[in-house]
Amino acid sequence: MNPKVEDTQSNYEDAENLNYSYDGIKQLKWYEHVILNRPLQIFVALLITAVLVPVILYQFHFIPSGGFQLSVGSCLVPQTSRLPCGPGNVSEGECHAQCCYDVKTGFCFHRLPSRFSYIMDVPWSQYLVLHPRVSTIPYNSKASLRNLRLSINERTATHLTLDFYNGKEPLRAGRRLYNKTYSYVVSSPELNIEVKGPQGTIFNTIRGPLIASDGIWELTFRLTNATMYGLGELPLCSGTEKVIYSHNNDFSSIPLIFARYNGSYHGLLLDTPAPTEIMVRAENEIIVRSLTGTGLKFNLFVGPTPKDIMNDAMNLIGSNWNLEYWMLGAHICGTSDQDLNNYINKLTAANIPFESHCGHRPIVLGSNRCEAMEMKNLQDVDSGANLIRQARKRFVPHISPYIRFNEDTTTLKTSACTILPEFDLFMYHDPYTFEIYKGEVGGAKVMYPAYDVASSHFLKRLWPFTKKFDGLIIENNWPLDQSNKSAQDPSPYLDYYNENFKAALTNTPTWNMTLLDKTKYFFKHNTYGEESVKAIMNMTGGGIVPAVSSHWMNGNVMINRQNIEALWLNLHRELIQAALGGISGHWLWSTPICGDTNFFPENQTDLCAKWYMASTYFPLVRIDANTPARDPTAFNGNYRNYMLTSLNRRLAFIPYFYTVLQQGPLLRPMFYQYPQADYFERTNSQFSVGDDLLIVPNLHVMQSYVHVTMPPGTWYEIWGGERVNVTEGKIATMPTLESDFLTLIRGGSIIALQNEIHGTAENTRKNSLFSIVIALQCFNTTSCSASGEVYFLPGLTLKFRATHEKLYVTAEGDDFSTMCNFPNNDIMEDAGDIKIFGLDPQFNNYDTYRHFEEYVMFCDLEAQDVIEVNLI
Numbered sequence: 001m002n003p004k005v006e007d008t009q010s011n012y013e014d015a016e017n018l019n020y021s022y023d024g025i026k027q028l029k030w031y032e033h034v035i036l037n038r039p040l041q042i043f044v045a046l047l048i049t050a051v052l053v054p055v056i057l058y059q060f061h062f063i064p065s066g067g068f069q070l071s072v073g074s075c076l077v078p079q080t081s082r083l084p085c086g087p088g089n090v091s092e093g094e095c096h097a098q099c100c101y102d103v104k105t106g107f108c109f110h111r112l113p114s115r116f117s118y119i120m121d122v123p124w125s126q127y128l129v130l131h132p133r134v135s136t137i138p139y140n141s142k143a144s145l146r147n148l149r150l151s152i153n154e155r156t157a158t159h160l161t162l163d164f165y166n167g168k169e170p171l172r173a174g175r176r177l178y179n180k181t182y183s184y185v186v187s188s189p190e191l192n193i194e195v196k197g198p199q200g201t202i203f204n205t206i207r208g209p210l211i212a213s214d215g216i217w218e219l220t221f222r223l224t225n226a227t228m229y230g231l232g233e234l235p236l237c238s239g240t241e242k243v244i245y246s247h248n249n250d251f252s253s254i255p256l257i258f259a260r261y262n263g264s265y266h267g268l269l270l271d272t273p274a275p276t277e278i279m280v281r282a283e284n285e286i287i288v289r290s291l292t293g294t295g296l297k298f299n300l301f302v303g304p305t306p307k308d309i310m311n312d313a314m315n316l317i318g319s320n321w322n323l324e325y326w327m328l329g330a331h332i333c334g335t336s337d338q339d340l341n342n343y344i345n346k347l348t349a350a351n352i353p354f355e356s357h358c359g360h361r362p363i364v365l366g367s368n369r370c371e372a373m374e375m376k377n378l379q380d381v382d383s384g385a386n387l388i389r390q391a392r393k394r395f396v397p398h399i400s401p402y403i404r405f406n407e408d409t410t411t412l413k414t415s416a417c418t419i420l421p422e423f424d425l426f427m428y429h430d431p432y433t434f435e436i437y438k439g440e441v442g443g444a445k446v447m448y449p450a451y452d453v454a455s456s457h458f459l460k461r462l463w464p465f466t467k468k469f470d471g472l473i474i475e476n477n478w479p480l481d482q483s484n485k486s487a488q489d490p491s492p493y494l495d496y497y498n499e500n501f502k503a504a505l506t507n508t509p510t511w512n513m514t515l516l517d518k519t520k521y522f523f524k525h526n527t528y529g530e531e532s533v534k535a536i537m538n539m540t541g542g543g544i545v546p547a548v549s550s551h552w553m554n555g556n557v558m559i560n561r562q563n564i565e566a567l568w569l570n571l572h573r574e575l576i577q578a579a580l581g582g583i584s585g586h587w588l589w590s591t592p593i594c595g596d597t598n599f600f601p602e603n604q605t606d607l608c609a610k611w612y613m614a615s616t617y618f619p620l621v622r623i624d625a626n627t628p629a630r631d632p633t634a635f636n637g638n639y640r641n642y643m644l645t646s647l648n649r650r651l652a653f654i655p656y657f658y659t660v661l662q663q664g665p666l667l668r669p670m671f672y673q674y675p676q677a678d679y680f681e682r683t684n685s686q687f688s689v690g691d692d693l694l695i696v697p698n699l700h701v702m703q704s705y706v707h708v709t710m711p712p713g714t715w716y717e718i719w720g721g722e723r724v725n726v727t728e729g730k731i732a733t734m735p736t737l738e739s740d741f742l743t744l745i746r747g748g749s750i751i752a753l754q755n756e757i758h759g760t761a762e763n764t765r766k767n768s769l770f771s772i773v774i775a776l777q778c779f780n781t782t783s784c785s786a787s788g789e790v791y792f793l794p795g796l797t798l799k800f801r802a803t804h805e806k807l808y809v810t811a812e813g814d815d816f817s818t819m820c821n822f823p824n825n826d827i828m829e830d831a832g833d834i835k836i837f838g839l840d841p842q843f844n845n846y847d848t849y850r851h852f853e854e855y856v857m858f859c860d861l862e863a864q865d866v867i868e869v870n871l872i
């Protein structure tokens, strides 16, 4: 029988039926005089309270007194603090006997503290085996895992891991450090973990449930009582539910949460590849439910700044990628239903700047390369690559990890042609018939290799190409399966299943497909994308940095967002996703301009134009030219001009972007850039671009004004030089035009642009004069300063420093070979003009700034230490 929480009502007699008379009072007995004595009533009530309160506290207070006494737990928990016991919304009969039940709301919840805990009879050590307090779990009353261990690994002074695992597995002994910035306490006899950093408690399991069994593990904890960010949400609010199960609407980044507490930041990274649900409750409790039989692992980063958390996360997931300059230009895939050659000529004639194209169509490998359609596909890959390179663009094909099943019975099957039946072993199979499982993509039947067990011989046979690619986009690799799986309902077979998991499983292979050795795919699903990336890169021979749609804890890849519908809401969401992805370690992040699914040109062209303006500041740019096409040639009039201007403006900014990306993410949330500014705690409608630019996007249809919360320092509108005279932390309302996208530059900074566009990023870098923009930070009219730099090569960075009178240019490094080797130079060697914001108005030759032409020959730095330029 569950303890119940229900409303009670007192029954009162009707006052009109009460009779009062003096005679009645005179007839009262002596004990009635005692009972009706008000002072005596108060005394008796106080006496009862003095006796009962200690008893109640003893029974229900969640810190048991004395020895190894176990807590009882109370059901008197406020509704906002109730943690669901099992699924939560179940009938009273389905609610576990060790839980509480609210009959009014039909909600089953944990006691406080929860009785679902692991206990020990001696103080904790990493060698100790813990045992469940309750023998069954609140999911189908399955047996609790009988042996559990906790390993705490002090990886660095600011990074530790908490690893809950099956006690029958080999011991995972964590290291111990003498110098570290955190401490932790593991309480007994009931397991509770509290980790403290310099700012206070940064992780606490709050005596909530720890559930472990063969099929589901659950842990509840709190990181902060203040603001959190991550999992694609800025901020991460109560009520948020996320499924860590790679699918078509995933948030693409690693599951990293930033938490703010006492003016500092700390982070938590979930490292559990099994299908997992994360829920944020009303009081910032985080519930992690994982459909696993192996355990839960968490990485905890002490901070104290978001940048520190990012660096610790990148040390864990890696960041071994080489950013090439051309990657920052636009990539196009699709032909707008035209012949590829004609389409590329059309783009060139319209002066659309782009770097690369994917060819005739995305690549899907076939099981039989000698089949007629497959031979045509392979020929198209080669011909597409040739056409693109003849146009002096780069060939960056798209490829999916599944294999088209094209075993035509009329085609001769030889080992040189087909991978079947020789490599059946490496394919996932139907769990009932054990035939090869065949999903469906675009109406075609496809197979799914188990890349983690596939042999090099199989991969060599599968890969038909000898031509090298300039880049590669690995798409649909969560992986995609559009077949109808309504007959494969997993709910009777899984310990926990809800609408969140159902949505995630809709466009993935059936949950119970298996290998011939009966290895289940479901529990390895989250790592499938990562294994496919490794295998495909092995087949290509490496040497390129792939952009991928799905990965697992891999910071060595670029991110390729997919399945984005053209909506104003999604423009905002993609800005947030890119900003959070960047500070989580994925600096190279692309999202399709105007989306890549539903788009209605007749009423969404204004949205598409604003999306182009926003894409100027995205780390990477991708344009979907499939039907309906979203490249600028698909539009006319002013909107087409706006889109073309945005692409050209992006090329102009690339020297700055390339410099920023050497040391940090490009697009950043405001809390990351200004961690001490409380007024940015919940800001998600403006973004920092590096240290020196601030963008405020239009996020609504027909929006003619934007609201800017002003950061510290002085800020100028980047094109007109107008100073924003609003106090730090206050809101400025700024007008924006249909053709405009508000961009501010920070006073005290210097950036270099290349405004004359030459078709591609590399041609612009080589042939366009630099334009130096100086935004002064002035204390008075004669005390101004600014500084900046432009990174060119590992052996050459130009440093700029300015006062209100002079500009000084110096070089860090001496590798001028690609700049000063005229006419074979790859980098423009001169600046042609200078623009200055913040001078005393008497020196301006325009309304709000000074602009003049001045050749600054950077190659002079080969022979001299500094170049001086007079500004006034």
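Oh and the sequence shown: position 449 is 449 in full-length UniProt numbering, straight run, nothing missing.
Idealized CB from N, CA, C, for every residue including glycine.
Note that the coordinates shown come from a computational prediction; the quantities given were computed from them, not determined experimentally.
Handout entry: Between the CA atoms of Leu-505 and Ser-491 - distance to the nearest angstrom
Key = In the sequence shown, residue 491 corresponds to position 491, counting from 1. In the sequence shown, residue 505 corresponds to position 505, counting from 1. Taking the straight line from one Cα to the other gives about 12 Å.
> Once you ignore the five residues that flank Phe-653 on each side, which residues in its own chain have a CB closer than 6 Å to its CB?
Replying inline: Within the sequence shown, residue 653 is the residue found at index 653, counting from 1. Cβ neighbours of Phe-653 beyond the five flanking positions: none.
Provide the residue span of the beta strand (DSSP E) that contains Asn-299, from first to last. On the sequence shown, position 299 is the one that residue 299 refers to. Here the beta strand (DSSP E) through Asn-299 covers 295-301.
- Message: I need the DSSP call for Phe-60, collapsed to helix, strand or coil.
- Response: As a first step, residue 60 is located in the sequence shown; it is residue number 60 there, counting from the start. Note that Phe-60 scores 48 on pLDDT, short of 50, meaning its location in the model is unreliable; the coordinates nonetheless yield the value given after this. Correct three-state label for Phe-60: helix.
Worksheet item: When you compare each of Ser-188, Leu-171, Gly-174 to Val-122 by their alpha carbons, which one comes out closest?
Response: Mapped onto the sequence shown, residue 122 falls at position 122. Among Ser-188, Leu-171, Gly-174, the Cα nearest to that of Val-122 is on Ser-188.
- Query: How should Leu-462 be labelled, buried or exposed, when 16 other C-beta atoms within 10 angstroms of its C-beta is the threshold for buried?
  - Reply: Stepping through the sequence shown from its first residue, residue 462 is reached at position 462. Leu-462 should be labelled buried.
Quick check on the DSSP output: the beta strand (DSSP E) that includes Lys-468 runs from which residue to which? Locating residue 468 in the sequence shown gives position 468, where the first residue counts as 1. Note, Lys-468: premise wrong, no beta strand (DSSP E); not H, not E.
Helix, strand or coil at Arg-392 according to DSSP, with G and I counted as helix: Within the sequence shown, numbered from 1, the residue matching residue 392 stands at position 392. Three-state DSSP puts Arg-392 in coil, outside helix and strand.
Fill in: Presumed contact (8 Å Cβ cut-off) between Thr-158 and Thr-181, rounded CB distance
Sequence index remark: in the sequence shown, residue 158 carries index 158 (1-based). Sequence index remark: in the sequence shown, residue 181 carries index 181 (1-based). Thr-158 to Thr-181, Cβ: 6 Å. Contact.
Three-pair Cβ contact test at 8 Å for the stretch 599-619 versus the stretch 628-640: yes
Looking at Ser-253 and Gly-690, is the spacing between their C-beta atoms short of 8 Å? Walking along the sequence shown from the start, residue 690 turns up at place 690. Walking along the sequence shown from the start, residue 253 turns up at place 253. Taking 8 Å as the Cβ cut-off, Gly-690 and Ser-253 do not qualify as a contacting pair.
**Asked** Is there contact between the stretch 699-719 and the stretch 761-771, where contact requires at least three CB pairs shorter than 8 Å?
**Response** no
For Gln-777, which three-state DSSP category applies? Indexing the sequence shown from 1 puts residue 777 at position 777. Three-state result, Gln-777: strand.
- Message: To test your reading of the DSSP string, which unbroken beta strand (DSSP E) runs of 3 or more residues are found completely within the stretch 649-721?
- Response: 667-669, 687-689, 693-696, 705-709, 715-717
Can you check whether the CB of Ile-544 is closer than 8 Å to the CB of Gly-471?
-> In the sequence shown, the residue the question calls residue 471 occupies position 471. In the sequence shown, the residue the question calls residue 544 occupies position 544. Their beta carbons are under 8 Å apart, which means Gly-471 touches Ile-544 by this criterion.
Own chain, CB closer than 6 Å to Thr-319, minus 5 neighbours either side, in chain order:
Taking the sequence shown and counting its residues from 1, the one referred to as residue 319 is at position 319. The question names Thr, but residue 319 is Ser in the sequence shown. These residues qualify, in order along the chain: Gly-555.
### Query
So is Glu-285 buried or exposed if we call it buried at 16+ other beta carbons inside 10 Å?
If you number the sequence shown from 1, residue 285 lands on position 285. With 16 or more Cβ atoms within 10 Å of its Cβ, Glu-285 is classed as buried.
| message | I need the straight-line Cα distance from Leu-223 to Tyr-716, nearest angstrom please. | response | Counting from 1 along the sequence shown, the entry for residue 223 is found at position 223. Counting from 1 along the sequence shown, the entry for residue 716 is found at position 716. For Leu-223 and Tyr-716, the distance between alpha carbons rounds to 38 Å.
Problem set entry | Tyr-22 versus Phe-43 - alpha carbon distance | Here residue 22 is taken as the residue at index 22 of the sequence shown, counted from 1. Here residue 43 is taken as the residue at index 43 of the sequence shown, counted from 1. Confidence at Tyr-22 is low in this model, with a pLDDT of 44, below 50, so the placement of that residue should be treated as unreliable; the coordinate-derived value is given next. Distance between the alpha carbons of Tyr-22 and Phe-43: 27 Å.
If you reduce the DSSP assignment to three classes, tell me which class Met-513 lands in.
Taking the first residue of the sequence shown as 1, we reach residue 513 at position 513. Of the three classes helix, strand and coil, the one that applies to Met-513 here is coil, per DSSP.
Item checked: Straight-line gap, Arg-682 to Cys-237 (C-alpha atoms, nearest Å) -> Taking the first residue of the sequence shown as 1, we reach residue 682 at position 682. Taking the first residue of the sequence shown as 1, we reach residue 237 at position 237. Whole-angstrom Cα-Cα distance: 10 Å.
Taking buried to mean at least 16 other C-beta atoms within 10 Å of its own C-beta, is Leu-871 buried or exposed?
Position 871 of the sequence shown, counted from the first residue, corresponds to residue 871. Answer is buried; the Cβ neighbour count reaches 16.
In the DSSP output, which residue or residues are listed as bridge partners for Met-427? Reading the sequence shown from its first residue, position 427 is the one you call residue 427. Beta-bridge pairing links Met-427 to Pro-449.
task: Return the Cβ separation of Leu-130 and Leu-191 in integer angstroms, given the expectation that the two are a contact with Cβ distance under 8 Å.
output: As a working note, residue 130 is residue 130 in the sequence shown. As a working note, residue 191 is residue 191 in the sequence shown. Confirmed, about 6 Å.
* Asked: Quick one: what does DSSP say Lys-26 is sitting in, helix, strand or coil?
  -> Translated into the one-based positions of the sequence shown, residue 26 becomes position 26. Because the pLDDT of Lys-26 is 48, which lies under 50, any placement of that residue in the model is unreliable, and the number read from its coordinates should be weighed accordingly. Helix, per DSSP.
- Out of curiosity, what's the CA-to-CA distance linking His-360 and Gly-384? Against the sequence shown, residue 360 aligns to sequence position 360. Against the sequence shown, residue 384 aligns to sequence position 384. So the two alpha carbons sit approximately 6 Å from each other.
Buried or exposed, going by whether 16 or more other CB atoms sit within 10 Å of the CB of Leu-693?
Counting from 1 along the sequence shown, the entry for residue 693 is found at position 693. Classification for Leu-693: buried.
Quick one: what does DSSP say Phe-822 is sitting in, helix, strand or coil? Here the question's residue 822 lines up with position 822 in the sequence shown. Phe-822 falls in the coil class under three-state DSSP.
**Asked** Looking only at DSSP bridge pairs, what is Glu-194 linked to?
**Response** For this step, residue 194 is matched to residue 194 along the sequence shown. DSSP lists Val-185, Asn-204 as partners of Glu-194.
task = Enumerate in chain order the residues of its own chain whose CB-to-CB distance from Glu-233 is below 7 Å, with the five nearest sequence positions on each side excluded.
result = Position 233 of the sequence shown holds residue 233. Excluding positions up to five away in sequence, the list reads Thr-240.
Checklist entry - Counting pairs of Cβ atoms below 8 Å between the stretch 250-265 and the stretch 517-527, do you hit three or more? => result no
Exercise for review: Going by CA-CA distance only, name the one from Ala-579, Arg-404, Gly-439 that's closest to Gln-673.
Suggested key: Taking the sequence shown and counting its residues from 1, one reaches residue 673 at position 673. Ranking Ala-579, Arg-404, Gly-439 by Cα distance to Gln-673 puts Ala-579 first.
Rounded straight-line distance, which links the Cα of Pro-84 to that of Gly-67:
Residue mapping note: residue 67 aligns to position 67 of the sequence shown, counting from 1. Residue mapping note: residue 84 aligns to position 84 of the sequence shown, counting from 1. In this prediction, Gly-67 scores a pLDDT of 49, lower than 50, which makes its location untrustworthy; no coordinate-derived value is stated.
With contact counted as at least three CB pairs below 8 Å, one residue from each stretch, are the stretch 584-595 and the stretch 621-631 in contact? yes
### Ala-330: first and last residue of the uninterrupted beta strand (DSSP E) it sits in
Mapped onto the sequence shown, residue 330 falls at position 330. Note, Ala-330: beta strand (DSSP E), 330-333.
- Task: Go ahead and label Arg-176 buried or exposed: buried means 16 or more other beta carbons lie within 10 angstroms of its beta carbon, across all protein chains shown.
- Result: Position 176 of the sequence shown holds residue 176. The residue in question, Arg-176, is exposed, as its Cβ has fewer than 16 Cβ neighbours within 10 Å.
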